[in-house]
Amino acid sequence: MINIEEQRVALSQIGEEMLSLCHNQVQLAYEAFTIFDTDLAEEIIRKENRVNALDLKIERDTDRFIALYNPVASDLRFALALLKINYNLERIGDQSFDIANHTVDLNQKLVPELVDRMQFNLMYETLDSMFKDVETAYINENIKAARKVFKKDKIINEINTNAFNIVAEDAVKHPELIRQYLMALVVMKKFEKIGDLLKNISESIIFYIDAEILKHKKKK
Amino acid sequence: MSAIMTVKTDETKTETSTSEKYKLHAKNVSVFYGDFLAINNISMNIKPKSITAFIGPSGCGKSTFLRLFNRMNDYVDDFKMEGKIKIDDANIYGKKTQVEELRKEVGMVFQKPNPFPKSIFENVAYGLKIQGIKDKELIAQRVEKALVQADLWNEVKDNLNKSALALSGGQQQRLCIARTLAVEPSILLMDEPTSALDPISTAKIEELIYQLKQDYTIIIVTHNMQQASRISDYTAFFYMGELIEFDKTKKIFTNPEKKQTENYITGRFG
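So the sequences go chain by chain: U and R.
Numbering-wise (this note's numbering), the first sequence opens with residue 48 and increments by one.
Numbering-wise (this note's numbering), the second sequence opens with residue 779 and increments by one.
Structure representation (structure tokens):
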């Protein structure tokens, strides 16, 4: 294997590690918030340091790769895509960190009916499936898997829109739960944001594999 | 435009003009050295006032192809060419082509600077004198203009009678470029013009090439991928006598069509 190839493989592996770490942070954030587990929430808060450290490592190693190896064509696209993927993953880490903090701040378990009504389960399952698609796309250079993410993000957006209407209706009926409703909406919005960030990552993967720029395109 | 434009074969008169869009036009060109096929059926059009980089591993035919444009290969034993090469509308391998006129039109800069063991002034004036120009004032004007164009004037204007061999490698190469420019060609062929130079001199030559694009059509053979991507508008990738890919440089270096091109520019073979 020539040197540039070795360097690229090493970078790709760190990217994979970051993907897996952020996926895990989102899983923990969902569990911590919906079953009110402050231990899990604290684990997320602790692991945020690892996300940040890995973010810096990827940025530094990619900068070095560009400076020392003068990559072109697919090597260059990979390096540019990895910087963007990393940026979006780090923000996913931030969203999980925020959810963990909200869990601690709320300091009470959400009413199970509220979790069901707002479709937190479906929201999480869809996000989890999007993460798996992104991982398949990234590791196997699979464009088909990357494109699945765009459709799934629409489900996420729909759940988020519906949640707003549900809260508007139910909060009037149960004013004693207003704090839970508001916090649930805030957290729902954070999950919705994670969906958007996964969509950005898919765009970067497609750019890397196929040199196609999907940013700001309506039809993907 | 010099006499080369006036040389037209019967073939060119009957064909559609290519000069509107292209300065150089190669069609189905093959080159043989005896039985060895050095270039295989290459067609290429080069736009005026553009920089085209020829890249490829050693022995791929890029220098052979470059030297077709000023008929430098004519001196090689057993050289034989098939196909057609036109500059503007003139078939440069036509029977009526005057090779001396062609070489005035198509200047060449080589890998190693090759100044004559004469003064700086004499080096640049050499081509003009060969052309029979005797007017000293005109020669002085053309020498100054060429040295200015080659970005060397400010460094040598007070030492024009100094030996050219006393200049640094980078200065010598710019002097050779000035010598080429003095006879006012419209095309510049450059065969690895910076491969023997240090990075500072290389940067100066690259900057110069970029400036010259305003007035000249330039083809450069280079083994330096970054150089090709930095200065050229178009890039042609050659491999084993074939033209594998020819496209805009930004396309070649970001998303080449052919896997062979990708493998070469990313350093995976060659």
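For each residue, glycine too, the CB sits at the ideal point set by N, CA and C.
For residue 60/U, count neighbouring C-beta atoms within 10 Å of its own C-beta (all shown protein chains included) and say buried if the count is 16 or more, exposed if not.
What you label residue 60/U is simply residue 13 of the first sequence in a count that begins at 1. That one is exposed.
For the alpha helix (DSSP H) that contains residue 887/R, what are its first and last residues?
To locate residue 887/R, count along the second sequence from 1; it is residue 109. No alpha helix (DSSP H) contains residue 887/R, which is instead part of the beta strand (DSSP E) from 884-887.
Contact list for residue 1015/R against chain U, beta-carbon separation under 9 Å
Translated into positions along the second sequence, residue 1015/R becomes position 237. Those do not exist, as residue 1015/R stays about 11 Å from chain U at its closest Cβ, beyond 9 Å.
So what does DSSP say about residue 1030/R, is it helix, strand or coil?
Position 252 of the second sequence, counted from the start, is the residue given in the question as residue 1030/R. Here residue 1030/R sits in helix by DSSP.
Between the CA atoms of residue 202/U and residue 982/R - distance to the nearest angstrom:
Counted from its first residue, the second sequence places residue 982/R at position 204. Counted from its first residue, the first sequence places residue 202/U at position 155. Rounded to the nearest angstrom, the two C-alpha atoms are 57 Å apart.
Contact residues within the segment 1025-1047 of chain R, judged by C-beta distance below 7 Å to chain U
1031, 1032, 1033, 1034, 1040, 1043, 1044, 1045 and 1046
Residue-level contact to chain R via CB, residue 207/U, 7 Å cutoff:
As a position in the first sequence, residue 207/U is number 160, starting the count at 1. Not closer than 7 Å to any Cβ of chain R, the Cβ of residue 207/U fails to qualify, so no.
What first and last residue would you give for the beta strand (DSSP E) that runs through residue 861/R?
Counted from its first residue, the second sequence places residue 861/R at position 83. That run of the beta strand (DSSP E) goes 857-865.
Under 7 Å between C-beta atoms, does residue 1004/R make it to chain U?
Sequence index remark: in the second sequence, residue 1004/R carries index 226 (1-based). So yes, residue 1004/R belongs to the interface.
Express the C-alpha separation of residue 157/U and residue 224/U in angstroms, rounding to a whole number.
The residue you call residue 224/U lines up with position 177 of the first sequence. The residue you call residue 157/U lines up with position 110 of the first sequence. Straight-line Cα distance between these residues: approximately 9 Å.
Test: residue 120/U CB closer than 7 Å to a CB of chain R:
Sequence index remark: in the first sequence, residue 120/U carries index 73 (1-based). It does; some Cβ of chain R falls within 7 Å.
Please report the distance separating the alpha-carbon of residue 193/U from that of residue 180/U.
Mapped onto the first sequence, residue 193/U falls at position 146. Mapped onto the first sequence, residue 180/U falls at position 133. C-alpha separation (whole angstroms): 6 Å.
DSSP puts residue 180/U in a beta bridge; with which residues?
Working through the first sequence from its first residue, we reach residue 180/U at position 133. Residue 180/U pairs with nothing; no bridge assigned.
Would you kindly check if the distance between the Cβ of residue 1044/R and the Cβ of residue 1027/R is under 7 Å?
As a working note, residue 1027/R is residue 249 in the second sequence. As a working note, residue 1044/R is residue 266 in the second sequence. Result no, Cβ atoms of residue 1027/R and residue 1044/R do not sit closer than 7 Å.
Classify residue 103/U as buried or exposed, calling it buried when 16 or more other Cβ atoms lie within 10 Å of its own Cβ.
Within the first sequence, the letter at position 56 stands for residue 103/U. Exposed, by the Cβ-count rule.
Hey, could you find the ends of the beta strand (DSSP E) residue 968/R is sitting in?
As a position in the second sequence, residue 968/R is number 190, starting the count at 1. Here the beta strand (DSSP E) through residue 968/R covers 965-969.
Can you give, in chain order, each stretch of the beta strand (DSSP E) that sits fully within the segment 937-986 of chain R and has at least 3 residues?
965-969
Would you please state the rounded distance, in angstroms, between the beta carbons of residue 949/R and residue 933/R? I believe it to be under 8 Å.
Here residue 949/R is taken as the residue at index 171 of the second sequence, counted from 1. Here residue 933/R is taken as the residue at index 155 of the second sequence, counted from 1. With a Cβ gap of about 6 Å, residue 949/R and residue 933/R count as contacting.
From the DSSP output, in three-state form, read off residue 157/U for me.
Here residue 157/U refers to the residue found at position 110 when the first sequence is read from its first residue. In the structure shown, residue 157/U sits in coil (DSSP, three-state: anything other than H, G, I, E or B).
Check the Cβ-Cβ distances between residue 295/U and every residue of chain R, and say whether any is below 7 Å.
The requested residue 295/U is not part of the displayed model; chain U covers only 48 to 267.
Start and end of the beta strand (DSSP E) containing residue 1013/R?
Stepping through the second sequence from its first residue, residue 1013/R is reached at position 235. Start and end: 1012-1017.
Quick one: Cα of residue 842/R to Cα of residue 133/U, how far?
Here residue 842/R refers to the residue found at position 64 when the second sequence is read from its first residue. Here residue 133/U refers to the residue found at position 86 when the first sequence is read from its first residue. When rounded, the distance between both Cα atoms is 46 Å.
Name the two residues that bound the continuous beta strand (DSSP E) containing residue 811/R.
Here residue 811/R corresponds to residue number 33 of the second sequence, with the count starting at 1. That run of the beta strand (DSSP E) goes 802-811.
Which chain R residues sit within Cβ distance under 9 Å of residue 51/U?
The sequence position of residue 51/U within the first sequence is 4, counting from 1. In chain order: 1044, 1045 and 1046.
Consult DSSP for residue 230/U and reduce its assignment to one of helix, strand or coil.
Walking along the first sequence from the start, residue 230/U turns up at place 183. If DSSP states are grouped into helix, strand and coil, residue 230/U belongs with the helices.
Between the C-alpha atoms of residue 941/R and residue 858/R, what's the straight-line distance to the nearest angstrom?
Your numbering for residue 941/R matches position 163 in the second sequence. Your numbering for residue 858/R matches position 80 in the second sequence. Cα to Cα, the separation comes out at about 40 Å.
May I have the straight-line CA-CA distance separating residue 856/R from residue 814/R, to the nearest angstrom?
Start at 1 with the first residue of the second sequence, and residue 856/R comes out as number 78. Start at 1 with the first residue of the second sequence, and residue 814/R comes out as number 36. Going from the Cα of residue 856/R to the Cα of residue 814/R covers about 10 Å.
Determine, using beta carbons only, whether residue 808/R and residue 823/R come nearer to each other than 7 Å.
Residue mapping note: residue 808/R aligns to position 30 of the second sequence, counting from 1. Residue mapping note: residue 823/R aligns to position 45 of the second sequence, counting from 1. Result no, Cβ atoms of residue 808/R and residue 823/R do not sit closer than 7 Å.
Pick out the complete alpha helix (DSSP H) segments inside the segment 65-118 of chain U, 4 residues or longer, and give them in chain order.
85-116
Give a yes or no on whether the minimum CB-CB distance between residue 258/U and chain R is below 7 Å.
As a position in the first sequence, residue 258/U is number 211, starting the count at 1. Chain R, which has a Cβ nearer than 7 Å to the Cβ of residue 258/U, makes this yes.
Spatially closest choice to residue 167/U from 49/U, 63/U and 82/U, by CA coordinates
On the first sequence, position 120 is the one that residue 167/U refers to. Among 49/U, 63/U and 82/U, the Cα nearest to that of residue 167/U belongs to 82/U.
Is the segment 998-1008 of chain R touching the segment 868-879 of chain R in the sense that three or more CB pairs, one from each, lie closer than 8 Å?
no
Quick check on the DSSP output: the alpha helix (DSSP H) that includes residue 1044/R runs from which residue to which?
Here the question's residue 1044/R lines up with position 266 in the second sequence. Careful: residue 1044/R lies outside any alpha helix (DSSP H) and carries neither H nor E.
Per DSSP, cross-strand counterpart(s) of residue 897/R
Here residue 897/R refers to the residue found at position 119 of the second sequence. Beta-bridge pairing links residue 897/R to 941/R.
Residues of its chain near residue 800/R, where Cβ-Cβ distance is below 8 Å and the 5 sequence neighbours each way are ignored
Position 22 of the second sequence, counting from 1, holds the residue named residue 800/R. The residues are 823, 824, 825 and 826.
Alpha helix (DSSP H) containing residue 208/U: first to last residue?
For the purposes of this step, residue 208/U is identified with residue 161 of the first sequence, where counting begins at 1. That run of the alpha helix (DSSP H) goes 190-220.
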